[in-house]
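Enquirer: Using our numbering, the first residue of the sequence shown is number 2, and each one after it goes up by one.
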Amino acid sequence: MKKMISLPALTALATAVSAMLIGTSATAGGLTLNEQSASGMGTAYAGRASSALDASTVFGNPAGMSRLGAQASGGFAVIDAHIDIRSASGDAPGSNRGDMVPFSVIPFGYYVNPINDDWHFGIGLYAPFGGDADYERNFQGRYKGTQTTIQVVTVQPTLSYKLNERMSVGVGAMVSRIDGTLAFNLDTTALGGAGDGRVKSTGHDYGVGYNIGFIADLTDATTLGLTYRSKVEYNLRGETKARNFPATGAALGLIDGDYRGKLDFTSPEAAEISVTHRLDDRWTLHGGAMWTRWDRLSRIVIDNNAQGSLQTLEEEVQWRNTWAFALGASYQLNPSWVLRAGAALDESPATNDFRSVRTPYGNRKVVSLGAGWSPTANLTVDLAYAYLWESKASINQPAEPLRPGYAATYDTDAHGLSAQFTYKY
């Protein structure tokens, strides 16, 4: 890996890596937001591709629309994360306050309408990824990262087709916008500077992918769901603001000003399988597994508008593919109330050798509870609560030129609450 310092390259890299790591902050440990449905959160998203509970199936499995009448679902989730930084050490002084993740609100909305007996149209607006981490000004690991803010919003127009009374297929076009902000510091004392040089970059891009699904009743009591979400190619363009660098930094290209950089990368595809089994009129069991191809993010190559050796920067990431598993159950208490519970395990793609202050997360565990209330035949209100905690994650980032080393152990947990309203026309 090249050990060169380039403001355009590093900040374009940071913005793009942030876009690839979206979700780590808002969920306090994980790379993908799951908060697209309160009805799904109640079972820890087990059975998401095989249940078709409401219009949120536009995201969970587009084929499930064929089992619905005209309806709209909308709501939000709130995430309150807590992070403790322990056993911190580094080559520079500073604080380790932790709790750098602010309170987060994640909205979502869906609409489904039958075209005829076989075809359904739907559209969804949701956040598949997102995060916001902002360390304190004097954070000891500030030379590895100080701020990461990412917002990803997807609009998904969708069609489903009923093959027969038991099987349906569906496909949706995922049109996404990524907005990112990232900041980090550089130690200028070796250059004769009086303090830290500060770098802040912003960038955005649009990408298009697809979401396809298949749903089938294997028996009168058992339903199988399969979904595939495609990779999405992005061409990120960003603007970097560099401040507080001494004149002696010019030899390294460290000059106060605004710069532009670019990075091309591909986000990972994911495949999910779900099974829903109805034991009787009251009890229903759900299970699911999802595979995500994170090994696409193995090396990042950045091109920028600098000259000579700073024109290209390569950095290894070496992420691994991951599996997520979930089990859940629902109980129909009476015609108006359904109760839900679930548990899930989500692997982290980051390995010990490449974990950083921007991705200080281990494997994620979740337990959840939920309920659905239908006061009328047309209206359903869903509520869910989830508790999430991470395996302790160790970070050991070695020193680089102008970037002192940092090591620590992160301990993360979070509380999530979601509400959703569904109206049937």
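From the three backbone atoms N, C-alpha and C, an ideal C-beta is built for every residue, glycine too.
Look at Leu163 and Ser88 and say whether their C-beta atoms are less than 8 Å apart.
Expert: A quick correction: the sequence has Lys, not Leu, at residue 163. Contact: no.
Enquirer: Quick one: using the 10 Å Cβ neighbour count with 16 as the cut-off for buried, is Tyr260 buried or exposed?
Expert: Tyr260 is buried by the Cβ-count criterion.
Enquirer: Whose C-beta lies closer than 8 Å to the C-beta of Pro376 among residues of the same chain, with five residues either side of it excluded?
Expert: Excluding positions up to five away in sequence, the list reads Ser337, Val382.
Enquirer: Report yes if the C-beta distance between Ala71 and Tyr426 is below 8 Å; otherwise report no.
Expert: Yes. Within cutoff.
Enquirer: Could I get the ranges of all uninterrupted beta strand (DSSP E) runs contained in the stretch 187-236, with 3 residues as the minimum, in chain order?
Expert: Here the runs fully enclosed are 197-218, 223-230.
Enquirer: Count the other CB atoms, across all protein chains shown, that sit within 10 Å of the CB of Leu314; report buried if there are 16 or more and exposed otherwise.
Expert: For Leu314, the predicted model reports a pLDDT of 45, less than 50, meaning its position is unreliable; a value from the coordinates is still stated below. Buried, since its Cβ has 16 or more Cβ neighbours within 10 Å.
Enquirer: Assess contact between the stretch 123-138 and the stretch 396-407, defined as three or more Cβ pairs (one per stretch) separated by less than 8 Å. Is contact present?
Expert: The stretch 123-138 vs the stretch 396-407: no contact.
Enquirer: Tell me where the alpha helix (DSSP H) around Thr58 begins and ends.
Expert: That run of the alpha helix (DSSP H) goes 58-61.
Enquirer: For the putative contact between Leu418 and Tyr386, defined by C-beta atoms under 8 Å, what is the C-beta separation to the nearest angstrom?
Expert: Indeed they touch by this definition, with Cβ atoms about 5 Å apart.
Enquirer: Flag this pair as yes or no: are the beta carbons of Val172 and Tyr211 separated by less than 8 Å?
Expert: In this structure, Tyr211 lies closer than 8 Å to Val172 by Cβ.
Enquirer: Pick helix, strand or coil for Arg279, following the three-state DSSP scheme.
Expert: DSSP places Arg279 in strand when its eight states are reduced to three.
Enquirer: To the nearest angstrom, how far is the alpha carbon of Met42 from that of Thr413?
Expert: The alpha-carbon atoms of Met42 and Thr413 are separated by roughly 20 Å.
Enquirer: Give me the residue from Ser392, Val200, Glu137 with the minimum Cα distance to Leu255.
Expert: Nearest C-alpha to Leu255: Val200.
Enquirer: Using C-beta distances below 6 Å, list every residue in its chain close to Ile274, excluding the 5 sequence neighbours before and after it, in chain order.
Expert: Cβ within range, chain order: Leu227, Ala290.
Enquirer: On the DSSP bridge list, what partners appear for Asn114?
Expert: Answer is Phe122, bridged to Asn114.
Enquirer: Under a three-way DSSP split, which group does Asp383 fall into?
Expert: Three-state result, Asp383: strand.
Enquirer: Would you call Gln421 buried or exposed, if buried means 16 or more other Cβ atoms sit within 10 Å of its Cβ?
Expert: Gln421 should be labelled buried.
Enquirer: Use the C-beta contact count for Phe104: other C-beta atoms within 10 angstroms, 16 or more gives buried, fewer gives exposed.
Expert: Result: exposed.
Enquirer: Should Gly406 and Ala47 be called a contact, given that it needs their Cβ atoms to be closer than 8 Å?
Expert: No, the pair does not count as a contact, with Cβ atoms beyond the cut-off.
Enquirer: Decide yes or no for the touch test of the stretch 72-80 against the stretch 108-118: beta carbon pairs closer than 8 Å, at least 3 of them.
Expert: Taking 8 Å as the limit for Cβ pairs, the verdict is that the stretch 108-118 does touch the stretch 72-80.
Enquirer: For Thr277, which of Ala39, Gly329, Arg143, Ala378 has the nearest alpha-carbon?
Expert: That would be Gly329, whose Cα lies nearest to the Cα of Thr277.
Enquirer: Rank Met101, Asp119, Gln333 by C-alpha distance to the C-alpha of Asp133 and give the top, closest one.
Expert: Nearest of Met101, Asp119, Gln333 to Asp133, Cα basis: Met101.
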